[in-house]
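A quick write-up on the structure given underneath.
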Ligand SMILES: [Zn+2]
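Chains as they are written, first to last, in our numbering: chain A, 111 to 206; chain D, 2 to 493.
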């Protein structure tokens, strides 16, 4: 099953992570180990088992449509690396 | 007719009319100062637990039932993973393989008959959360974009149509009907300016090619975005169809030979422009949202939603046309103004006992004032009771339509009743003898006009109306014309 270096590169691109050569190597081994571990499940015969959509056997949990107080803006922005006091500031988002 | 068939499918996102967000109690009010309607749940702090807003689910269910969809007995939510600065959690809670509804349709028609009435298939309707909003001010020349997360977590309904539309006009009709349906149901206000209705379109062409299997060639599908009004949807699609045909003639490229392209619409340049290529859907790495439990809906529940549905716009149109004897076109215009306007019309028609007369006045005079003043029907200054009193006088022939308009103007300007305004204008019914006498005088005094009419220039008789009105403003212009023509014909 083992994961390929290309798989790791693709996942790191999607995750917006830039990995060094050495990290790519390590991640390929470690993630590959995890995937192989989980892959043991495919040894089971699941022909007559219904797919499970969710791990919890509970349905229909709702809340009423009631407004609750939001965070004060300064608290909401408190953990952001950059803000102007009103907005989060992030590296330029262009082309949308 | 263009030498190809245009094939269009639309994906609409509408904001549901809830007071709070989909998974937390933050308000959804539009226009609040940036980042003042957020909490740890909607900005993705660790350790929080989203809980589904019941009203959002119920509104979604109502819309899906009205769109003739099959409702799933069991539905769940999934994480759609991608990184973007306006998506604080790094995933959007959406629905992937088990949406709560699918396989519906919406019927569209054109009262002007420019296309045949048809059903546009609905592939699926699902419930998801909105992302925040990022803005980049290029003028300011700063390196940063600003992010406002007030909208993050607001409930959205995604409504995906089949590629069943065959012209930009049909696409516009679909959106108009969808908006009308959802606003009638109170599901969404569908305000495009405030972003509570957003539309993306998939479009390609089928070019006839008798030598090909199936007799046609399909061009590559393009997704068009950034259309901010129904008018711009229609224009963008018309433009894009032409562009694709030009490109096809130049390159011969077919569906499947190039990756799907995304193009944005620029309203000011009247053109679409290429955007980044869309990520493959498998790249979103969907998996079941572990923090939310699934929802099961019984057939009895769906049935009770269906029974509780109010009259839908399409049914309302045919009822108005049937009950009041008005044209399909008039019924369409009335219903398309939304519910309070329909109520006004129905009340007026009932009070004056003449649906056609009521439709004429409502569609011409009332609508004109609403448009001029930029007000809704509930702010229209004349009540249906008072307007009906005026229409009764018009119907009885006491007041002709032209003078009736003067009366209504006075009622609008000075808040008078119909009788008061009629008295103030000195309108009195002119009896037949009086009218005939007046016409005889006019015919005698205008030998030149008489000769013109005799000579076949029947429209010259119109000149008698002005003269008659000057002598007695109460005369009915149509009667004046009729009587004058009669008198002239009788002359030797
Ligand atoms: Zn919140």
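Ideal Cβ placement from N, Cα and C applies to all residues, glycine included.
Remember, predicted model here, so these are calculated numbers, not experimental data.
Query: Verify the CB distance criterion: does residue 179 of chain A have a CB-CB separation below 9 Å to chain B?; Result: Structure shown: chain B not included; protein chains present are A and D.
Query: Output yes if chain D places a C-beta closer than 9 Å to the C-beta of residue 238 of chain A; else output no.; Result: Residue 238 of chain A lies beyond the residue range present for chain A, which begins at 111 and ends at 206; the question has no answer from this structure.
Query: Using a Cβ-Cβ cut-off of less than 8 Å, list which residues of the stretch 29 to 54 of chain D approach chain A; keep chain order.; Result: 34, 35, 36, 37, 38, 39, 40, 41, 44, 52, 53 and 54
Query: For residue 205 of chain D, does the three-state DSSP call read helix, strand or coil?; Result: strand
Query: Find out if the Cβ-Cβ distance for the pair residue 160 of chain D, residue 62 of chain D is shorter than 9 Å.; Result: no
Query: Examine the Cβ distances between the stretch 203 to 213 of chain D and the stretch 4 to 20 of chain D and report whether three or more of them are shorter than 8 Å.; Result: yes
Query: State the start and end residues of the unbroken beta strand (DSSP E) segment that holds residue 166 of chain A.; Result: Where residue 166 of chain A is concerned, there is no enclosing beta strand (DSSP E), given that its DSSP letter is neither H nor E.
Query: Can you list, in chain order, the residues of its chain with a C-beta nearer than 6 Å to that of residue 165 of chain D? Leave out the 5 residues immediately preceding and following it.; Result: 121 and 122
Query: Name the DSSP bridge partner or partners of residue 200 of chain D?; Result: D:13
Query: When the Cα of residue 193 of chain D is compared with those of D:215, D:185 and D:231, which residue comes out closest?; Result: D:231
Query: To the nearest angstrom, report how far apart residue 190 of chain D and residue 31 of chain D are at their CA atoms.; Result: 12 Å
Query: Taking 9 Å as the cut-off, decide whether the C-beta atoms of residue 54 of chain D and residue 172 of chain A are in contact.; Result: yes
Query: Could you check whether the Cβ of residue 38 of chain D sits closer than 8 Å to any heavy atom belonging to ligand 1?; Result: yes
Query: Give the DSSP bridge partners of residue 445 of chain D, in chain order.; Result: Beta-bridge pairing links residue 445 of chain D to no other residue.
Query: Quick check on residue 83 of chain D: does DSSP put it in helix, strand or coil?; Result: coil
Query: Going by DSSP in three states, residue 175 of chain D sits in which element: helix, strand or coil?; Result: helix
Query: Determine whether the Cβ of residue 279 of chain D lies closer than 9 Å to any Cβ atom of chain A.; Result: Here residue 279 of chain D scores only 48 on pLDDT, less than 50, and its place in the model should not be relied on; the value that follows carries that caveat. Answer no: the Cβ-Cβ gap between residue 279 of chain D and chain A never drops below 9 Å.
Query: Taking only beta-carbon atoms, is residue 137 of chain A less than 9 Å away from chain D?; Result: no
Query: Straight-line CA distance for residue 469 of chain D to residue 443 of chain D?; Result: 8 Å
Query: Could you give the C-beta distance for residue 473 of chain D and residue 431 of chain D, rounded to a whole number, given that I count them as a contact under 8 Å?; Result: 6 Å
Query: Should residue 376 of chain D be counted as a contact of ligand 1 given a C-beta to heavy atom distance under 8 Å?; Result: no
Query: Do residue 496 of chain D and ligand 1 come close, with the Cβ less than 8 Å from some heavy atom?; Result: The question about residue 496 of chain D has no answer, for chain D in this structure spans 2 to 493.
Query: If you scan the stretch 201 to 269 of chain D from start to end, which runs of the beta strand (DSSP E) of 3 or more residues do you find wholly inside it?; Result: 217 to 219, 223 to 226 and 262 to 267
Query: Just verifying my parser: in three-state terms, what is the DSSP assignment at residue 55 of chain D?; Result: helix
Query: For the alpha helix (DSSP H) that residue 143 of chain A lies in, which residues bound it at each end?; Result: 131 to 149
Query: Would the beta-carbon of residue 48 of chain D be found less than 8 Å away from any heavy atom of ligand 1?; Result: no
Query: Return the CA-CA distance between residue 479 of chain D and residue 111 of chain D, expressed in angstroms with no decimal places.; Result: 34 Å
Query: Over the uninterrupted beta strand (DSSP E) stretch that includes residue 408 of chain D, give me the two end residues.; Result: Note, residue 408 of chain D: premise wrong, no beta strand (DSSP E); alpha helix (DSSP H) at 402 to 415.
Query: When DSSP labels each residue in this structure, what does residue 281 of chain D get in the three-state scheme?; Result: At residue 281 of chain D, the pLDDT of 47 sits below 50, so the modelled position is not reliable; the number obtained from the coordinates is stated separately. Residue 281 of chain D falls in the coil class under three-state DSSP.
Query: Excluding the 5 residues flanking residue 317 of chain D on each side, which residues of the same chain have their C-beta closer than 7 Å to its C-beta?; Result: 336 and 343
Query: Please work out which residues of its chain come closer than 7 Å, Cβ to Cβ, to residue 197 of chain A, disregarding the five sequence neighbours upstream and downstream, and give them in chain order.; Result: none
Query: Is it right to say residue 288 of chain D is buried, meaning 16 or more other beta carbons lie within 10 angstroms of its own, or is it exposed?; Result: exposed
Query: Could you check which residue in D:361, D:421 and D:215 has the C-alpha nearest to that of residue 396 of chain D?; Result: D:361
Query: Apart from the five residues just before and just after residue 281 of chain D, which ones in its own chain have a Cβ nearer than 8 Å to its Cβ?; Result: Its pLDDT being 47, under 50, residue 281 of chain D is placed unreliably in this model, and the coordinates cannot settle the point.
Query: Assign residue 123 of chain D to one of three DSSP states: helix, strand, or coil.; Result: strand
Query: As a quick exercise: from D:451, D:154, D:284 and D:414, pick the residue whose alpha carbon is nearest that of residue 117 of chain A.; Result: D:284
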